[in-house]
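Notes follow once the structure below has been shown.
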Amino acid sequence: MIKERLTYTSAQALPSQDRTSPLLMPSPYAIDGGELIGADPRTLDPVSMSQDGRPTSPMKAIRAHCLGCSGGDASEARKCTATGCALWPFRMGRNPFYGMKTAQSEGLELDGEDGGTSA
Ligand code: SF4
816 MIKERLTYTS
826 AQALPSQDRT
836 SPLLMPSPYA
846 IDGGELIGAD
856 PRTLDPVSMS
866 QDGRPTSPMK
876 AIRAHCLGCS
886 GGDASEARKC
896 TATGCALWPF
906 RMGRNPFYGM
916 KTAQSEGLEL
926 DGEDGGTSA
């Protein structure tokens, strides 16, 4: 059995639950009544965001999420049967579609559809 060190798994483990976290900000929207909301990560310092062990790539983030979803057990993430989950193809931390040209990326129509690009 492959053991994988679990360092950062899920939203529940994030320190953002701390109301003084710099990752939170008062909502600028009146309808929110001053509630704290997540700051826009595009406005935050990436170095400071990464200092708590947070994954710094989408694939690592997906892997961490899947490990969290699987109770921290890498073998359970590997055996995940939720094939309908959007993350399922990526749960092992690799993009199986990398480098693959799809009909969608080629702009080709699929069975009379536009590949999902229109409403
Ligand atoms: S692919 Fe499986 S392990 Fe990953 S988030 Fe979805 S249900 Fe959870």
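Oh and the sequence shown: position 11 is 826 in our numbering, straight run, nothing missing.
Just so you know, even glycine gets a beta-carbon here, dropped at the ideal spot from N, CA and C.
- Where residue 840 is concerned, the enclosing beta strand (DSSP E) starts and stops at 839-841.
- With respect to residue 874, residue 910 sits close: the two C-beta atoms are nearer than 8 Å.
- DSSP, read as helix, strand or coil, puts residue 902 in coil.
- Around residue 850, the same chain offers 841, 842 as residues with beta carbons nearer than 8 Å, after the five sequence neighbours per side are excluded.
- Contact between residue 838 and residue 852 is absent: CB atoms are separated by about 10 Å, not below the 8 Å threshold.
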